[in-house]
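Below is one structure, written out as structure tokens; comments come after it.
In UniProt numbering, the protein residues as written are 1 to 81.
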């Protein structure tokens, strides 16, 4: 999972690339294409990060619940007798 500072630095770098000064060889076309790709990269990084972190947290929570339930079961078995 990508965490805070790393994400921030990656996003910053990508945005800097995306918002670079246009190269006027073929007019605005290159700049526009660059800008679009940069912004879409930033967007996808954000999406991927949220998806992965969500999956990670849900797995963790499920595991915790499982452990908790198993502990409860053993406890109740022990206290029956």
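For glycine and all other residues, C-beta sits at the position ideal for the given N, C-alpha and C.
Since we're looking at a predicted model, the values are computed, not measured.
Alpha carbon of residue i to alpha carbon of residue j, nearest angstrom
i: residue 59; j: residue 12; result: 30 Å
i: residue 8; j: residue 52; result: 16 Å
i: residue 6; j: residue 49; result: 11 Å
i: residue 40; j: residue 57; result: 26 Å
i: residue 45; j: residue 65; result: 30 Å
i: residue 63; j: residue 54; result: 14 Å
i: residue 47; j: residue 61; result: 21 Å
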